[in-house]
Structure formats: structure tokens, C-alpha cells
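Heads up: the structure comes next, in C-alpha cells.
There are 4 protein chains.
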Amino acid sequence: MSAVALRGIVSYPITPFTHSNQVDETLLRNIVENMLRAGVHAIAPLGSTGVMPYLSDEEREAVTEAVVKQVDGRVPTLVGVSSLTTERTVHHARYAQAVGASAVMIIPMSYWKLTDKEIVKHYDTVAKAISIPIAVYNNPATGGIDLAPETIAQLLEIPNVTMVKESTGDVNRMHRLVQLCGEKLSFFNGSNPLALAAFVAGAKGWCTAAPHLIPALNLELYAAVERNDLPSAKKAFYRQLPLLQFIVKYGLPRTIAAGLGLMGIEVGPLRAPLQPLERPQVEEIRTILGELEVLAR
Amino acid sequence: MSAVALRGIVSYPITPFTHSNQVDETLLRNIVENMLRAGVHAIAPLGSTGVMPYLSDEEREAVTEAVVKQVDGRVPTLVGVSSLTTERTVHHARYAQAVGASAVMIIPMSYWKLTDKEIVKHYDTVAKAISIPIAVYNNPATGGIDLAPETIAQLLEIPNVTMVKESTGDVNRMHRLVQLCGEKLSFFNGSNPLALAAFVAGAKGWCTAAPHLIPALNLELYAAVERNDLPSAKKAFYRQLPLLQFIVKYGLPRTIAAGLGLMGIEVGPLRAPLQPLERPQVEEIRTILGELEVLAR
Amino acid sequence: MSAVALRGIVSYPITPFTHSNQVDETLLRNIVENMLRAGVHAIAPLGSTGVMPYLSDEEREAVTEAVVKQVDGRVPTLVGVSSLTTERTVHHARYAQAVGASAVMIIPMSYWKLTDKEIVKHYDTVAKAISIPIAVYNNPATGGIDLAPETIAQLLEIPNVTMVKESTGDVNRMHRLVQLCGEKLSFFNGSNPLALAAFVAGAKGWCTAAPHLIPALNLELYAAVERNDLPSAKKAFYRQLPLLQFIVKYGLPRTIAAGLGLMGIEVGPLRAPLQPLERPQVEEIRTILGELEVLAR
Amino acid sequence: MSAVALRGIVSYPITPFTHSNQVDETLLRNIVENMLRAGVHAIAPLGSTGVMPYLSDEEREAVTEAVVKQVDGRVPTLVGVSSLTTERTVHHARYAQAVGASAVMIIPMSYWKLTDKEIVKHYDTVAKAISIPIAVYNNPATGGIDLAPETIAQLLEIPNVTMVKESTGDVNRMHRLVQLCGEKLSFFNGSNPLALAAFVAGAKGWCTAAPHLIPALNLELYAAVERNDLPSAKKAFYRQLPLLQFIVKYGLPRTIAAGLGLMGIEVGPLRAPLQPLERPQVEEIRTILGELEVLAR
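If you're matching them up, the sequences are chains A, B, C and D in order. For the first sequence, the residue numbers in this note's numbering are 1 to 297. For the second sequence, the residue numbers in this note's numbering are 1001 to 1297. For the third sequence, the residue numbers in this note's numbering are 2001 to 2297. For the fourth sequence, the residue numbers in this note's numbering are 3001 to 3297.
Below, the structure is given as C-alpha cells:
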């Protein structure tokens, strides 16, 4: 997959569990199939939404294989392979490549803050171990490390590091990336409420879990931008903004699980210590989804 | 002036000084005239660029009168009248109204952080003392107080408080203001590098000192957005972005003075403790302006 | 006054107002006299507590003269002379020296953030204009500029800049100052809840408005540290800590005015936009002072 | 072990590796033995220094068993058992108890930020699974979650949650904990440069990796505080402060490994992505240790 191939709505499936706390592969494949039918442009398992860091190595492998098989080449797959250690990251990157993933996504996870030199060596080591493209993922709110645009630009000099997902929620970071790397840079927005601003700044795509609930609105925003229809893009954006703000405020796994539950799809328990959304917030998302007319009457 | 009348490029003149450190009214009027000739849509004296807080009461009155007279009703004038005390703010607001200003702009200045109740009373007291519209100005980086969107919405319920200038540089604040106050809200962007994102989010105008140096590019960005031409807007934005980033990074009074100097307009000493831009930064802005082809060969 | 002369409890009087919003010099002198009778080691008018930035030049001069005369050399006086402009700072520094102040205190006030070079020139200009000692005051929460320990050390190389008041509330800053300037450094703590930690780190004194309400406890803490009695110091500290936290949380002018009111001393209106403490907070400080047994039954 | 039993210098061994990247148990036991000979009051394996999050489950178990066996009841052992999931935390807590650890330490690790309710349930679940005491560990810089003093107080209501390690480096947090939980609270300081301020605030002990390099100075500081000798405590503190600042600035695993290397003890490669200290920093710690006279001539 060349970097250019990935664009549009990159959809992040959650990882559903059975009541005995096992990964529910059947449901996972159904969720992915629903996304594909809705028309999303790529599938990205094992993101933050997919609670990657809370899964065992075996569970991660199972999710990777199930999703790649289900997608079956219909759209690109972008698999999260991050780990605190370089060794485990290499392991998961190789696994993803072996089962046919289009690309992998790596966030530098932190317990100890890493130096730039350590970060570069980490990516470089993984890059040398695989041949498919790597997307750099910057999300200090979850990963604990903030990659400056200058550091990202440096990582993009590694041959198969070809994409960036920026989730700081600061559009100035995106401007700076474009200035450093040129307009052809394959950068993706990972901050849901920034969807419109990011596309206008030049983002090639939007990495989001929202297609679990409102794929049509997500796709409509992208289509409006693509056809240079700013008023429609703005309208689509402000319409879905309350849901985007909600899922960011209360956390993707909790809110997507609650939203799917309201739509009749039970995705099982969250992995502890994560707990289901509290009752008042469930009512809040019920209202939001109701206004978007995505709940059955 | 109704709130709707103010839109587009709202241009902020610096306050030039003579070598004996007096306000240079002649040069100030020339600077304003140049902006008007370039086609800006409003003039806003005594902003941060105009070093309002560093001027004596008498100097502020002189600047107000000189600018309002020079503009002479050709475009709206928006005069900064903020002060640490409510009493002085009322004084300057009344003065601006008396000499014919279209509207006044008020930032809640802080030494002691103010409670929301104190802030509301402050605006309410000034609003009752004048009949022209008031723009709320939020810029925690200079004023020291950060007005939450919810507080701004509360201030907008005061009858003649009709506009907002948002300078935090966070487009999410603008989204939230639109959600709270509706799409008709007269909000203005005061963070230069956010110019494009803010217009796309629905800003009615852009408050900027950049027209001292690059009025054509500023106006071009606005015009492209107005005609729904996103590719041209993006192109105009990225072209002027290096200058916008530079003037924010090193401070408006210092950088605009240096830029004007390079264009042959000497605006005198800055008011101490502010000092002229250092030599390496002067070279930096020379390069930036050179690439924008606004310096004479 | 040599730098060494200032130590112990440096007491900051509020500026009381008459009901017609004039400085109440008689009450101010009474407040100062009460502090002296209680045994404080220095008096510092026109601090943050004294709402210096909210006063006119004439009011500042009146407060300076009234306090210096009332103290009459019994203890050192440390007068706040800060202003946004260097010119006005020089003016007030000269005035303080002319009426007999022992030393002046200067916080670099910000609207525009200042460069280190601008800050050094600001202090240097004032220092050259007077012959009495200058205390550098670092309090980013009010002044808007954060002086790094390294910058403070640089300022202390100016001949009559001999003292530092650190109010960031971070004891590590004090450690760093001692490392940079040596154990003989005259540094003072301005963060009330840090009183004990600062003395243990080597602070020569504690700049505080608490002696309006609890001078005996303030003096007891200092005395215990001086006689190397850590258990007593700790006991005195934790006893007064709730009041110290309260006055910081709700702001010195509001809380000291409320506390004095509860003790029967009415200090008049605050200067708008500052407003009196809300009723629930008044009850809170009544409880705190009641437990400290400083309210009459 | 009752909560009171743990106090003084709680020493954190690193996890050494062989050149084939296996845990070097022999060297680990030697390092622990050296600490015991120096006189530390407790041993805490699998802390941040021991790179706990970078180890496999099997490695964590091996380290736990090796250290508990080596200590052999001579001092208390406090074993780090944290994991992203509750299930794995329970597993490691049970293991530690089974091999004879005196207590376990748990930091709420984050990828997704946790709600207070999730945090309480996490600790409660682990507490119910074991019978030895639990220490709450707050260190947002590594764990990514900041426990407010009020949340910590709530956790301390769980029966066998009896201790707190505070590593934010803000002494005001410690004051607040004492106010909320009383003076008998077993709280420990985990921010090295805050060692003196924390003891003065009432900390029962200091959790530190510094005894790898300067055990005598660490113990001297504690002893001076214990005998109420503030001048000696201050002297001991400022003497070791440069090393404490250095190990915090560049990270404990990197700096302790470098320091041990300079003392002739090679602890093998760090676990990637962590890399050895850069050359200039090695020279810096050589100078610091040289001035402390702990390097052989």
C-alpha cells in the first residue's frame, strides 16, 4: 500500500468481549462488516478504541487476524501494534504484516518519558523489521509522550514511515506538519471535534470510532469537503459535533459501547478497570443519538 | 452600528511614537489611511498591537480621537477601552462613544483573578454607561483571565454586548460559542495562525495587525472563504502563515515595528520595557517578507 | 538598609477605602500600627494585598507616604513600586526613596510577555535611578511573567538588586535559587501555604498579609524555626494552614477585608471590579478564625 | 506488617539485565544486599526504577521472588504489582503475597484516563484478593493519572490500603493529605528533590533509588530530621541535591545505570526503547559523584 492509498474515513472498531471476558470475534467481524457496508474507506483495529493496551499478546493477534480476514482487501487495514517495549512492538508489527495488514500504526507509549533519540531508534527498529508502511501516531493524552512536529518530520525520513495521525486537537500542529513536510504529507486527524478544521488544513483522512454510530454523517462531512462545498461541510460538522464531543469527553470504549447498546448491539463488559458509562451519561448519549435520528423508534 | 455591520478584516494599528516618546498622531493617521486604502473592513485602535495598557489616559484619548477622525465613518471603528478598574474602563468607553467610535472592545484585565460574578458586573457597569455595542475580548495570554465559552455566552445576554473576539487559538472554543449562541453569533478570531480554521468554523471576521504588512493576502483569504473557494483560501492561508506565526511568536508591537521599518516606515521607539526586535529576528522577518514580495527591491 | 536587615515576618497591609472610594489613610495607619504592636519585622505597603495596580499614581504616593511615616523607622519598609512601563516604575521608586522607604519591591508586570533582555533592562534602569535596595518579586499568577531562577540570579548581579520574593509556590525554585546564589541569598517566600517548607529551605522571611488576622501564629512559626524547634514549627504551621489556604484560594484583598470585618474593622468597599467575598465564603472564614480563637465571643 | 512498620529510607533497586537481555538475578541480589549493608530501612523492587512496566509477567515474578528471598525478612519489602488491567494487578499482588512480600504498591496506570469510581473499584478488587497492606502510588508523570488528595483519602478507607507514596513534587499535596487523613497517615515522598520538605511536612519515609549511589547521605538526612537537627538536615539535603535533581531530570533507570557503571558495577543494557545516558550526561554525573567523593580515585 502506498501512503496515498489511505484517505477518507478511517474507522476504528472497538474490541467486543463475551460475558466470560473473551474477545468476541464473531461480533467484532459483524461490527467491521457494518462499517464496510456503510462505506468507510479503511478499517483500523487495535486503536485506542479497541483497547489495544489492555489486551494480551494472544488477544491482539486474534483481533488482528479476524479483522484483516473480514476486510479481505476490500479497503486498507491499519493495525495498531504499539507496546511499551521495542521488542514487543516488532513482534506485533511482524504479525500484522504476516496476516496481511495494509499498514501498521505506532504510538510511542510511555512510562518513562523517551528522548527523541530513543523514539527515533524505536521506530527505526520496527521499520527495519517489516516492509509495510508505518503510521506515526501522536496522542499525548493516552500515550503520555508528545511528539513535536519536528520530531514527526524526522520519523517520516525513515523509509517506510509514511503517515501521521495527529490527535493533540491543535490545528496549529497540522499547519506545522504541512510546512515541514509539504502539502503531499499523508496526515490524518485523530481528534474528533477537529474533523472539519483538519480537513481544511489538508488532512487526508479522519481516524474515528464514530462510524459505529453515525457513519453516514461522517462520510457526508468528508464528501462535502472533497467537492469543495464548505457550507454543507460546516452543516454536517456542526450537526455531528455534540456526539463527537461526547465520545471524546467520556472516552471512546465506554461511549461507543453505550451507543451500540442503545442501538441494540450488546458488546459485553469493558475490560477492568474500565467500567460502563454511568446512567446519566447513557441518557445524555441517548438524547444526542435521538436528535440525530439514528435510534429506532 | 448593529453587530452584523462588523465583519471581514478588522485591522489593528500600532501606536507609533516620536523620538521624544510622544504618540505620533500624524504617523498614526497615515498608517490608518494606508489600511483603509488597502481595503480593510474596520479599524481597531488601542488593541494589544496598539500597546493600550502602556499608555496614559491622555494618550489613549488622543489615539482614540485621532483614529476615529481619520476613519471618518468610512468603515466601523472598534476602540479598545479596557482598564484594570471598572471606573477607568467606563471613562474610556464614554470617551470613545463621545468622539464617535462605532463600538468598543473590552478585555477583562487581571492582576487578581476575577470571579465570573465580578466579570459580569464589570461588563454590565460599562454597558449601562454607554449606548454603542461592546465586543468581549478573550485573550488569557495577555489579559491573564480566561473566559470560558459559557461565561462569554452569559456576557452576551447584556443588551449592548453583541460581539466576541476569541484569541485563545483553540478552534474548539469557537465551536462551543456557536453551539451556545447560535450560528448568527458575531464572533471574531484574534489568533492569527487560526485565520482559516476560524472562518471555516463561522467567524464573521479576523482581528489582525497583519494588514500593516500584507493587507492584500489578508483580504484575499477572506474573499476566498466568502466565495466558498476552499482551495484558494487554503493557498492564501499557507502563503501568509509564516508571517502570522512570526508576529505571534515575537509579539505584535515588536514585529510590526520591525516590518514597517523594513518597508521604510519608522515608527519610533517602543515603550519600555518593550524593546525592538533583536537583529537575528529582524533578518528572519526580512526573509519572510521578501518571500512574500512586499519589500522594495 | 543592607539586604540582611530584612527578615522574619514581612507584613503586607491592605489599602482600605472610605465609602466614597478614597484611600482611608487613617485606617491604613491604624492597621499598620496594629501590625507593629503585634511584633512583625517589616511592613510592605502596595503589594498585591494593597491592590497597588488598581490605584492611581496619586493614591500610590499617598499610601507610600502614610505608611512610611507611620512606621517611622521602627522596622524596615518595603514599598511596591511596579508598573507596566519602566518610566512609571522609576517614578514610583524615586518617590518611595524620597519619602524614606527602606527598599522597594518590583514585579515585572506583563501585558506583552517580556524577553529576559527586556526584564534585565527594566530592573537596571530603575536600579540606576535610586540608591535603596530593590527586591525582585516573582509571581506569575498575578504579574503574568515567570522569572526562571537563572533570570533572577542574573537580576541579582545588578548592584542594588539584593533580594528576591518567590511566590510560585514551588519549593524547588527556592532550592535552585540557593544553588545559584549561595546560602546567604536574601530570599523571601510569598506563597502562604509554603511558609514552613520555605523557611526550612533557607528563606530569610515570609511576605504575608496573614498578620492582619493571626500575627501571633505567624510570628510563632518563625520563632520556632529560628530556635531549631521543628515539632513546634510544624504544629504552628498546620494550625494556621487552613487560613493560609483560604486567603490564597479566594484572593488576599477579598479575604483579608472579610476577616477584618468579622473582627470589627470595616475597611470599606473593594475597588471594582473586585467585589466582597460571597456569603458562604464569609461563613467559611468565620469558622476558620473561630477555630483559631481570634474572634471575640 | 502494620502500616507503621514502614518508614525511613525505602530503597528502589533497578532491574539489571544480562547481555542477552535476561533479568540478571545474581546482580540484582547483590545490589539489594549492598543496600541492606548500607542500612536502608526497606526494599521496594519493581518500582519505576525497576522498569516494572517493561517486564513480562514471568520476569516480574522472578524479580519479586529473588528480592524477597534475598531480603529474607531483615527489612520490609514493598513490591510493585501495577498493571493496566485489574486482572493482571490482582495476579501480581497475589504472587507477591505468596512469596512473602510485606506489602504491595499500586499506581493506577493509564491509557484511557480512569474515573474516580473506576480507580476505587480497581484498588478495592485488588485489596479483596490479598491480605497484606497496599500502598497507593501517585505519580502522574509516569502513570498518566493524577490522584487528587481527596481521591487518595477515599482509597485509604479500603481496609488494607494503608499507605501513600506521593510523587507529584508538590508539598501542598502532602499538607492536604495530612489535613484529610490526620498526622498519623503513613505517607511517603517519591519526589527526590522534595526529600527535606516532605520530611518536614510529616512524611514517614522517602522512596528513592539514590541509595544505589549515595546511601550514607540519604540516611544522614533522615537521621538529622529524626533527631530534630534542622541545620544538619538542611546541610545533608543541599549536599545531595545536585544528584537528586540529575536522576530526576534524566530518568532513574538511565542515570542509576550510568552511576553504577562509574562505580564499577555494570548492570547491562536498558530495555529498549530506553537507551543508555548520552556521553555528556555521563560526564555530568561523574562530576556530581566526584564532588560527593563516592567514586574511587
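Glycine included, each C-beta is placed from N, C-alpha and C at the ideal position. Keep in mind the model is a prediction, meaning the values are calculated, not measured.
| Query | Result |
| --- | --- |
| Can you grab the Cα-Cα spacing for the pair glutamate 3166 of chain D / lysine 3204 of chain D, in whole Å? | 12 Å |
| In terms of alpha-carbon separation, which member of C:Leu2036, C:Thr2086 and C:Ala2093 lies closest to glutamine 2070 of chain C? | C:Leu2036 |
| Anyone know if the C-beta pair for leucine 3196 of chain D and valine 2200 of chain C falls short of 8 Å? | yes |
| Could you pull the start and end residues of the alpha helix (DSSP H) that threonine 2026 of chain C belongs to? | 2025-2038 |
| Tell me the residue span of the beta strand (DSSP E) that contains valine 3079 of chain D. | 3078-3080 |
| Let's test the definition: count the other Cβ atoms within 10 Å of the Cβ of serine 1056 of chain B and tell me whether it reaches 16, buried, or not, exposed. | exposed |
| Can you list the alpha helix (DSSP H) stretches of 4 or more residues lying completely in the region 1209-1234 of chain B, in chain order? | 1215-1226 |
| Can you list, in chain order, the residues of its chain whose CB lies under 8 Å from that of valine 2294 of chain C, leaving out five sequence neighbours each side? | Leu2213, Ile2214 and Met2263 |
| Taking the Cβ atom as the reference point for each residue, do isoleucine 158 of chain A and alanine 127 of chain A lie within a distance shorter than 8 Å? | yes |
| Starting from tyrosine 3123 of chain D, trace the alpha helix (DSSP H) in both directions and tell me its first and last residue. | 3116-3129 |
| Determine, for arginine 2271 of chain C, whether the minimum Cβ-Cβ distance to residues of chain B falls below 8 Å. | yes |
| Tell me the rounded alpha-carbon separation between valine 3099 of chain D and leucine 194 of chain A. | 51 Å |
| Strictly below 7 Å CB to CB, what residues from chain B border leucine 221 of chain A? | By Cβ distance, chain B contributes nothing, its closest Cβ being about 12 Å from leucine 221 of chain A, past 7 Å. |
| Under a Cβ-count criterion, where at least 16 other Cβ atoms within 10 Å of its own Cβ denotes burial, should alanine 3003 of chain D be classed as buried or exposed? | Only weak support exists for where alanine 3003 of chain D lies, its pLDDT of 47 falling under 50; the value from the coordinates is given anyway. Alanine 3003 of chain D comes out buried. |
| Run the CB neighbour count on phenylalanine 1246 of chain B, radius 10 Å, all protein chains shown included, and call it buried at 16 or more, exposed below. | buried |
| Whose C-beta lies closer than 6 Å to the C-beta of glutamate 1025 of chain B among residues of the same chain, with five residues either side of it excluded? | Ala1066 |
| Quick one: does histidine 212 of chain A have its CB under 8 Å from some CB of chain D? | no |
| Do valine 3171 of chain D and phenylalanine 3188 of chain D count as a contact pair if the criterion is CB distance below 8 Å? | no |
| Quick check on lysine 3249 of chain D: buried or exposed, where buried means 16 or more other Cβ atoms within 10 Å of its Cβ? | exposed |
| Given a threshold of 16 other Cβ atoms within 10 Å of its Cβ, counted over all protein chains shown, does threonine 1049 of chain B qualify as buried or as exposed? | buried |
| Three-state secondary structure (DSSP) at methionine 174 of chain A? | helix |
| Are the CB atoms of tyrosine 2123 of chain C and leucine 2155 of chain C within a distance shorter than 8 Å? | yes |
| Just to check my reading of the structure: leucine 1221 of chain B and alanine 1236 of chain B have Cβ atoms closer than 8 Å, yes? What is that Cβ distance to the nearest angstrom? | 4 Å |
| With three or more C-beta pairs closer than 8 Å as the rule, is the region 3217-3232 of chain D touching the region 2269-2277 of chain C? | no |
| Would you say alanine 2315 of chain C reaches chain D, if we count a Cβ-Cβ gap shorter than 8 Å as a contact? | For chain C, the structure presents residues 2001 to 2297; residue 2315 of chain C sits outside this window and is missing. |
| Quick check: what's the CA-CA separation for threonine 1089 of chain B versus methionine 1174 of chain B? | 26 Å |
| Taking C-alpha atoms, which residue in D:Val3267, D:Ile3256 and D:Glu3087 lies nearest to valine 3023 of chain D? | D:Val3267 |
| The beta strand (DSSP E) spanning tyrosine 2095 of chain C covers which residue range? | Careful: tyrosine 2095 of chain C lies outside any beta strand (DSSP E), inside the alpha helix (DSSP H) at 2086-2098. |
| Quick check on the DSSP output: the alpha helix (DSSP H) that includes glutamate 1166 of chain B runs from which residue to which? | Counting along the chain, glutamate 1166 of chain B falls outside any alpha helix (DSSP H), though it belongs to the beta strand (DSSP E) covering 1161-1166. |
| Can you tell me the Cβ-Cβ gap for valine 1010 of chain B and alanine 1042 of chain B, rounded? I've got them flagged as a contact below 8 Å. | 4 Å |
| Within 8 Å (strictly less), CB to CB, does threonine 1086 of chain B reach chain A? | no |
| For the beta strand (DSSP E) that valine 2071 of chain C lies in, which residues bound it at each end? | Per DSSP, valine 2071 of chain C belongs to no beta strand (DSSP E); it is in the alpha helix (DSSP H), 2057-2071. |
| Roughly how many angstroms lie between the CA atoms of glutamate 58 of chain A and threonine 162 of chain A, to the nearest whole one? | 28 Å |
| Kindly list, in the order they appear in chain C, the residues whose Cβ is closer than 8 Å to that of leucine 3230 of chain D. | Val2200, Val2225, Asn2228 and Leu2230 |
| Using the beta-carbon of each residue, which ones in chain A are nearer than 9 Å to tyrosine 1250 of chain B? | Within chain A, no residue comes near tyrosine 1250 of chain B; the closest Cβ sits about 16 Å away, beyond 9 Å. |
| Using alpha carbons as the reference points, say which of C:Phe2017, C:Val2120, C:Ile2152 and C:Val2225 lies closest to glycine 2182 of chain C. | C:Ile2152 |
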